[in-house]
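>
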Amino acid sequence: MKKNLKVVFALVFIISLILGSKILINRVKEESKNNTYEIGISDSSISNMNDSELKNLYKQMNQEGVKSIIVKNESLYQVSKYRSLQILDLDTFLKKNERYKDTDVFKDKSKNNIVISLDKKDFLKNELDIIESYLSSYKVLNNKDKMIFYIDEKMMINNNGKKVENPILTNQFFINEKRVREIELNKFNAVLGIANVENEKNQKLLLNQIKYMARVYGTDQVQLRGQSLLGYPNNIKHYFEELQNEKITVFLTEFQNSIGLTTYSELNKGNITRAHEVNVNELNLNKNELAARISRAIKERNIRFIAIGDFINYKNSGSVESSINDLMYSIKEAKEQMGNKYSIGIAKPVPIMQQHNISIIFICIAFGALLSLTVLSLFEKNLKVSIALFSIVTLVSVFVVKSDIDILIKLYTFSIAIFGAFSAIVIPYKSKLKSFLLKYILSSFIAISAGVIIASIMYGTDYMLKLKSFSGVKFLYVLPPVLITIWVVLSINMGQIKNLKSLKSIKYEIIKKIKKLRLYHLVIGICILAAIYIYVSRSGNGGNASEFELEIRAFMEKILYVRPRTKEFLIGYPALFISYYLYNKNKKISQYILILGSIATMSTVNTFTHLHTPFLYSLLRTMYGVAFGAIIGVLYIFLLNVLIKFIYNKKRI
């Protein structure tokens, strides 16, 4: 009866996955359609170029299909570097402009206070209006040629004991309309790179400029930069609605925008896509590293706008021309790495994708069946428990998914990830399959299926844009191996544990175990420690890789298009392969090696929790990990046999 029930649950699991596959099929279609990416060059990186250098840059940009230049909001201090706007202390201003010495407003004033003077002829009318509005409390003189503002404050002020520039000079309220017009006249696309300012008056000035330029110049793309979104803290909702009304595409910058995403998630009507900003010199990237960074962002993380800045490298390249050539080489190389699947042009926003009501129910049924299969594999005489568990889990799953409560969905998908990685070890290992290769394939299939269930539940525009995401990645790295370790130790030592009745007997048993240790145990222990080191150092985004490894990765990506995860094909899957191979030869060692094998199933499930990564990319990456893991597993078995033969032919310890 138990065997028949396992077959029933297995069939329910597979059929439910098939019937729920419409969700991910639709996701793949949407991801395939949205295959145009855009590259923008920061205007601040090219503002000091002469006409000849700009002409060369524009020519090469056109050749490579780079259509956009990013104009960022700026402060008075920044504007003064390239426009006829002077920021002086009162003493210096009066020395240069003696005719104003007798002006009443300047009499008996501190010589260190600020005077801002600008030549009207160097500014467009709307730009003058913006500056005048920003400094409306301070105007002194406004004639045909000049506009002068006296500010009864010093240039440097105290801020918590430190001298800092006066915020009046550093607030980034101004967008260079003159430059936007030049960009459009040169037949390029101007993208506004907007960092939020916390003063509501300045936020309003920015919004008005964005709307004005959208109507006059057709600048319908805005890259939001910095940690908080435009309008924070009080006007995020209103400002986002204003951008939507103007049909402006919003680029949310990866690793920057974080405050205000919930509001954008609630209001999104399909005018958002993802951006990645690369400041080349700040990151100390060479031309090959920049190419790899561009291609990975587009391939791996669904980035559709690449903002490139700070690329003029006098230190290494030696000139503006060589820096331009290096940049264009990087763009060309990135194109080759991506192949013909993606095309460069103007990025489109990610369309709204709705959950499939019927398909998602089948996905919930699939998880219920998987959990019941795991229980049947672990325990005896549990038929009623398994059926009850299947019913309860399925009903709870449907309730959680239909409730669309973010915290519940996060908790639910986290539990799926943990149980999925655990089940992918337990079910195949406890199965009656005689072929170790079939056990290996079944493990990878269950791990992938758990990832598919998570990706199906966390489906939609919000997840593709990373407005919402999977939570608990750090715990996912740890819990499945810990659970497998506990299960293995209990399975191997259950009989002895039952017989231990006192601390003395426990101490005796530990000493006996230590005396049985051999040299090969030490070798295996060292290998496990090395594997743990690699595993920990490669977990998350912060893992450091050597230059040699980066070259190997780049080579693999060039050949395979998608690079398998290091911890999967070098550690996890080979360990899983060896464990199943040893199942009928040495069951105890086989079970201990399963602990390392759990890294593979954990990592596979984790791959599919990166919901902003194209689904087919994740699937292909995992398949490579499974295939190479088996090949390397065969190699490890050969080396292990050679090592054991060497040890036993010498001296056994």
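Numbered by the numbering used here, the letters in the sequence shown go through residues 59 to 711 in order. Here a beta-carbon is modelled for each residue, glycine too, at the ideal position from N, C-alpha and C.
Residue range of the alpha helix (DSSP H) that Ser100 falls in?
No alpha helix (DSSP H) contains Ser100, which is instead part of the beta strand (DSSP E) from 94–100.
> Considering only residues of the stretch 482–547, which uninterrupted alpha helix (DSSP H) runs meet the minimum length of 4 residues and lie entirely inside it, listed in chain order?
Counting only runs of 4 or more, we get 494–515, 519–522.
> Could you check what DSSP says for Gln281 in three-state terms: helix, strand or coil?
Three-state result, Gln281: strand.
> Counting pairs of Cβ atoms below 8 Å between the stretch 124–137 and the stretch 230–244, do you hit three or more?
Counting Cβ pairs under 8 Å, three or more are found: they touch.
> Since Ser473 and Gly78 are thought to touch, with beta carbons under 8 Å apart, how far apart are those beta carbons, to the nearest angstrom?
Contact doesn't hold; Cβ gap of about 18 Å is too wide.
> Can you give me the Cβ contacts of Val620 inside the same chain, cut-off strictly under 8 Å, excluding the 5 residues immediately before and after it?
Here the set comprises Lys357, Tyr675, Leu678, Arg679, Tyr682.
> Do you know offhand how far Lys41's Cα is from Glu96's?
The displayed coordinates of the chain run from 59 to 711. Any statement about residue 41 would go beyond what the structure contains.
> Taking Asn62 as the reference, give the member of Ile445, Leu348, Ile610 with the closest Cα.
Per the Cα distances, Ile445.
> Keeping to the same chain, check which residues put their C-beta closer than 7 Å to that of Ile284; ignore five residues upstream and five downstream.
The sequence shown places Gly at residue 284, not Ile. These residues qualify, in order along the chain: Ala253, Asn254, Gln314.
> With a threshold of 8 Å, are at least 3 pairs of Cβ atoms found where one atom belongs to the stretch 377–384 and the other to the stretch 96–111?
Segments in contact, yes.
> Would you call the stretch 686–700 and the stretch 659–674 touching, i.e. three or more CB-CB distances under 8 Å?
No, because fewer than three Cβ pairs between the stretch 686–700 and the stretch 659–674 fall closer than 8 Å, the two stretches do not touch.
> What did DSSP end up calling Gly600 once you bin it into helix, strand or coil?
Per-residue confidence for Gly600 stands at a pLDDT of 44, beneath the threshold of 50, marking its modelled position as unreliable; the derived number appears in the next sentence. Looking at Gly600 - three-state DSSP - the assignment turns out to be coil, as it is neither helix nor strand.
> Can you tell me whether Val459 is buried or exposed? The criterion is at least 16 other CB atoms within 10 Å of its CB, across all chains shown.
Result: buried.
> Compute the Euclidean distance between the alpha carbons of Ile450 and Ile421, then round it to the nearest angstrom.
Straight-line Cα distance between these residues: approximately 15 Å.
> Tell me which residues share the same chain as Val124 and place their Cβ nearer than 6 Å to its Cβ, disregarding the 5 neighbours each side in the sequence.
Only Ile97 meet the Cβ criterion.
> Can we say the stretch 333–346 touches the stretch 363–372, given the rule of at least three CB pairs closer than 8 Å?
In short, these stretches touch, since the Cβ pair count reaches three.
> DSSP beta-bridge partners for Val308?
Paired residues: Val280, Ile330.
> Under DSSP, the beta strand (DSSP E) around Gln649 begins and ends at which residues?
Element bounds for Gln649: not the beta strand (DSSP E) but the alpha helix (DSSP H), 645–666.
> Taking DSSP as the reference, what is the three-state secondary structure of Gln136?
Reduced to three states, the DSSP call for Gln136 is helix.
> What is the DSSP secondary structure of Ile174, counted as helix, strand or coil?
In the structure shown, Ile174 sits in a strand (DSSP, three-state: E or B).
> Please list the terminal residues of the continuous beta strand (DSSP E) segment that includes Gln412.
Counting along the chain, Gln412 falls outside any beta strand (DSSP E), and DSSP gives it neither H nor E.
> Measure the C-alpha to C-alpha separation of Leu385 and Lys345 and round it to an integer number of angstroms.
Rounded to the nearest angstrom, the two C-alpha atoms are 7 Å apart.
> Just how far apart, CA to CA, sit Asn642 and Asn93?
Spanning the two alpha carbons is a distance of roughly 49 Å.
> Of the choices Tyr487, Asn415, Ile476, whose alpha-carbon is the least far from that of Ser461?
The candidate whose alpha carbon is nearest that of Ser461 is Asn415.
> Helix, strand or coil: which one does DSSP assign to Asn292?
Residue state, collapsed to three classes: coil.
> Looking at the structure shown, is Lys159 part of a helix, part of a strand, or coil, going by DSSP?
It is coil, neither helix nor strand.
> Less than 9 Å between the beta carbons of Ile389 and Ser656, yes or no?
Contact flag unset, no.
> To the nearest angstrom, how far is the alpha carbon of Lys159 from that of Lys524?
Cα to Cα, the separation comes out at about 58 Å.
> Fully enclosed by the stretch 181–258, which alpha helix (DSSP H) runs are 4 residues long or longer?
For the stretch 181–258, whole alpha helix (DSSP H) runs of length 4 or above, ordered along the chain, are 183–192, 225–228, 235–243.
> With DSSP as the reference, label Gly78 as helix, strand or coil.
Gly78: coil per DSSP, three-state reduction.
> How many angstroms separate the CA atom of Tyr270 from the CA atom of Lys178?
Their Cα atoms are separated by approximately 20 Å.
> If I follow the unbroken beta strand (DSSP E) through Ile366, where does it start and stop?
Unbroken beta strand (DSSP E) run through Ile366: 363–367.
> Answer yes or no: do Leu265 and Glu300 have a C-beta to C-beta separation smaller than 9 Å?
Cβ atoms of Leu265 and Glu300: closer than 9 Å.
> Going by beta-carbon coordinates alone, are Gln279 and Ala405 separated by less than 9 Å?
Yes, they are a contact pair.
> Does the beta-carbon distance from Leu534 to Asn664 come in below 9 Å?
Result yes, Cβ atoms of Leu534 and Asn664 sit closer than 9 Å.
> Can you give me the C-alpha to C-alpha distance between Gly601 and Thr624, rounded to a whole angstrom?
Confidence in Gly601 is poor, its pLDDT being 47 and thus under 50, which makes the residue's placement unreliable; the coordinate value appears in the next sentence. Distance between the alpha carbons of Gly601 and Thr624: 11 Å.
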